[in-house]
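Heads up: the structure comes next, in structure tokens.
Residue numbers (the UniProt record's numbering): 1 to 514.
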């Protein structure tokens with residue numbers, strides 16, 4: 001039996017074991033009758049109310065009144081709250097992040113026309129942590145197949161689907177999402193921020209692209225946010241990332257992008273005859289954001305490839321983890337400045353990706369990158385393994401960001417592994433071989449610290465290739481997991497939604513051996 005010192009939501013969760021089905025129902029195992037459970041939950045509050053009444057009668061709520069209560073209603077509310085706080089051992093000052101840890105009171109799900117949930121939405125799901133995915137009609141199949149993959153891997157967190165304007169997700173798309181999962185919440189970030197006068201209607205139109213990602217990160221009330229791209233092909237429950245050293249130490253986890261040498265644009269570009277990063281750190285208006293210390297770049301950025309001119313891409317934003325409570329609001333105010341002001345003055349990033357770490361750097365807030373550089377998978381249409389087996393050119397792959405232990409694959413950011421026309425049908429005649437549909441990748445670049453490319457002895461190759469960094473076989477399990485993701489994706493594309501019911505994987509080699 002739960003003690004009175006446990007948070008109320010822990011009492012709610014302790015006797016429930018739910019298996020979530022696609023139709024939004026929860027199969028409750030060994031659950032007492034709901035009326036009895038409600039009585040058990042309310043009972044401690046009744047006890048508190050009784051004790052409060054006794055305290056009122058005996059004058060304990062106002063020690064200066066000589067045994068009689070003569071304080072104001074504000075005093076009464078404060079004193080009563082203090083007693084409830086001491087009995088239930090919860091904090092009065094609940095955070096805006098909805099985090100139940102450390103005794104915080106759970107914030108309810110927002111009641112707003114810009115937050116939409118299905119009729120069967122599970123209101124017991126907490127808002128302390130969530131997966132965030134930005135989506136529109138054009139990527140519905142990719143996004144929903146990612147959600148199904150997360151569920152198959154055991155992740156049961158709230159999933160926030162962010163979009164910009166009501167026209168980005170049709171009624172049909174919303175119905176499919178809600179009928180497929182009962183822990184999905186749709187958030188129209190642009191309309192909400194326009195109403196709150198954070199951005200204008202004209203500005204909102206400029207977020208129907210990659211830049212919605214930092215805007216969504218600025219907006220969400222969730223504390224532990226994990227931002228994922230719809231074309232992430234994940235091979236394990238990513239919630240484990242919150243237990244790695246970098247996240248526990250800083251409340252952040254970022255991943256590196258490819259190293260593009262001799263690329264003098266973006267973060268390595270010239271801003272009016274001066275390199276962008278040094279100029280940014282020198283001229284940024286720190287006082288406007290109440291940032292103390294002025295120009296004070298961290299040792300981390302001073303040693304980075306981007307700052308030292310070795311690449312024009314520092315961060316890959318296909319997966320971003322941030323603890324918003326630990327980070328503080330200043331970082332997100334700077335983030336908003338980047339996407340509403342700076343990007344229109346100077347193209348500092350190919351899309352949104354550099355926005356995240358730069359906001360932390362300017363706010364002088366610590367952040368952490370994976371200890372490993374980016375990897376890629378082999379490209380089948382590019383014939384990597386037969387033409388240049390030491391230089392792979394396919395989609396980005398990231399390893400588990402743990403310094404110790406064996407190398408462990410985490411995910412591939414690979415639209416080309418799912419969509420037969422990854423760059424659109426119109427682009428097919430002029431598409432690069434390595435950007436075409438990748439039928440069956442077999443190898444990946446070995447796990448390495450971030451490394452400069454070795455082009456010695458290599459001919460002309462695509463800029464996406466990790467030249468000279470080698471190749472190692474993909475895990476045997478990847479083929480089966482990729483097939484499952486493709487079945488979910490194609491099921492949604494063809495309207496055969498029954499395919500989403502299945503989490504089975506198939507091992508190709510075992511079938512061939514039979």
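Yeah, the Cβ is synthetic: ideal placement off N, Cα and C, and Gly gets one too.
Going by CA-CA distance only, name the one from 455, 213 and 255 that's closest to residue 133.
-> Indexing the chain shown from 1 puts residue 133 at position 133. Ranking the options by Cα distance to residue 133, first place goes to 213.
Output the distance between the C-alpha atoms of residue 41 and residue 127, rounded to the nearest integer angstrom.
-> Walking along the chain shown from the start, residue 41 turns up at place 41. Walking along the chain shown from the start, residue 127 turns up at place 127. Note that residue 41 scores a pLDDT of 40, beneath 50, so its modelled location is shaky; the value from the coordinates is reported in the next line. Distance between the alpha carbons of residue 41 and residue 127 is about 20 Å.
Beta-ladder partner(s) of residue 443, from DSSP = Here residue 443 is taken as the residue at index 443 of the chain shown, counted from 1. For residue 443, which the question treats as bridged, DSSP gives the partners 473.
Would you give the residue range spanned by the beta strand (DSSP E) that residue 130 belongs to?
-> Numbered from 1 along the chain shown, position 130 holds the residue referred to as residue 130. Its beta strand (DSSP E) spans residues 129-134.
Pick out whichever of 249, 298, 351 and 346 has its Cα sitting closest to the Cα of residue 327.
-> Mapped onto the chain shown, residue 327 falls at position 327. The option with the nearest alpha carbon to residue 327 is 249.
Assign residue 433 to buried or exposed, taking buried as 16 or more other Cβ atoms, counted over all protein chains shown, within 10 Å of its Cβ.
-> By 1-based counting over the chain shown, the position of residue 433 is 433. Exposed, by the Cβ-count rule.
Through-space distance from residue 193 to residue 448, alpha-carbon basis | Counted from its first residue, the chain shown places residue 448 at position 448. Counted from its first residue, the chain shown places residue 193 at position 193. So the two alpha carbons sit approximately 41 Å from each other.
Quick one: residues in its chain with C-beta nearer than 8 Å to the C-beta of residue 198, no 5 flanking neighbours on either side, listed in chain order?
-> Taking the first residue of the chain shown as 1, we reach residue 198 at position 198. Here the set comprises 336.
Residue 316 vs residue 259 beta-carbon contact at 8 Å | One-based indexing of the chain shown puts residue 316 at position 316. One-based indexing of the chain shown puts residue 259 at position 259. Not a contact, by the Cβ cut-off of 8 Å.
Do residue 480 and residue 442 come within 8 Å of each other at the CB atom, strictly closer than that value?
-> One-based indexing of the chain shown puts residue 442 at position 442. One-based indexing of the chain shown puts residue 480 at position 480. Judged by their CB atoms, residue 442 and residue 480 are not nearer to each other than the 8 Å cut-off.
Which class does residue 188 belong to by DSSP, given the choice of helix, strand or coil?
-> For the purposes of this step, residue 188 is identified with residue 188 of the chain shown, where counting begins at 1. Strand, per DSSP.
Does DSSP put residue 224 in a helix, in a strand, or in coil?
-> Numbered from its first residue, the chain shown carries residue 224 at position 224. DSSP places residue 224 in strand when its eight states are reduced to three.
May I have the straight-line CA-CA distance separating residue 314 from residue 200, to the nearest angstrom?
-> Indexing the chain shown from 1 puts residue 314 at position 314. Indexing the chain shown from 1 puts residue 200 at position 200. Using only the alpha carbons, I get a separation of about 30 Å.
Should residue 141 and residue 159 be called a contact, given that it needs their Cβ atoms to be closer than 8 Å?
-> As a position in the chain shown, residue 141 is number 141, starting the count at 1. As a position in the chain shown, residue 159 is number 159, starting the count at 1. No. Outside cutoff.
When DSSP builds the beta bridges, which residues end up paired with residue 326?
-> Taking the first residue of the chain shown as position 1, residue 326 is located at position 326. DSSP output for residue 326 lists no bridge partner at all.
Go to residue 250, then tell me how far its beta strand (DSSP E) extends in each direction, as first and last residue.
-> Here the question's residue 250 lines up with position 250 in the chain shown. Note, residue 250: premise wrong, no beta strand (DSSP E); alpha helix (DSSP H) at 245-250.
Counting only the same chain and skipping the five closest in sequence on each side, list residues whose C-beta sits under 7 Å from that of residue 54.
-> The sequence position of residue 54 within the chain shown is 54, counting from 1. Bear in mind that a pLDDT of 34 at residue 54, under 50, signals an unreliable position, so the number given afterwards is only what the model happens to contain. Excluding positions up to five away in sequence, the list is empty.
With contact counted as at least three CB pairs below 8 Å, one residue from each stretch, are the region 395-410 and the region 220-236 in contact?
-> yes
From the DSSP output, which residues share a beta bridge with residue 345?
-> Here residue 345 is taken as the residue at index 345 of the chain shown, counted from 1. Per DSSP, none; premise fails for residue 345.
Looking only at C-alpha atoms, which of 370, 345 and 502 sits nearest to residue 357?
-> For the purposes of this step, residue 357 is taken as the residue at position 357 of the chain shown. Among 370, 345 and 502, the Cα nearest to that of residue 357 belongs to 370.
Three-pair Cβ contact test at 8 Å for the region 344-364 versus the region 202-217 | yes
Buried versus exposed, by CB contacts within 10 Å (16 or more), residue 459 = The residue given as residue 459 occupies position 459 in the chain shown. With fewer than 16 other Cβ atoms within 10 Å, it is exposed.
Selection from 218, 294, 426 and 347 that minimises the alpha carbon distance to residue 270 = Translated into the one-based positions of the chain shown, residue 270 becomes position 270. Taking only the C-alpha atoms, the option nearest residue 270 is 347.
Identify which residue in 149, 150, 188 and 148 has its Cα closest to the Cα of residue 117.
-> Translated into positions along the chain shown, residue 117 becomes position 117. For the residues 149, 150, 188 and 148, the minimum Cα distance to residue 117 belongs to 188.
Which one of 349, 220, 196 and 457 has the shortest CA to CA distance from residue 109?
-> Here residue 109 refers to the residue found at position 109 when the chain shown is read from its first residue. Among 349, 220, 196 and 457, the Cα nearest to that of residue 109 is on 220.
Nearest-angstrom Cα distance between residue 464 and residue 111?
-> One-based indexing of the chain shown puts residue 464 at position 464. One-based indexing of the chain shown puts residue 111 at position 111. Cα-Cα distance, rounded: 45 Å.
Nearest-angstrom Cα distance between residue 363 and residue 437?
-> Walking along the chain shown from the start, residue 363 turns up at place 363. Walking along the chain shown from the start, residue 437 turns up at place 437. Cα-Cα distance, rounded: 41 Å.
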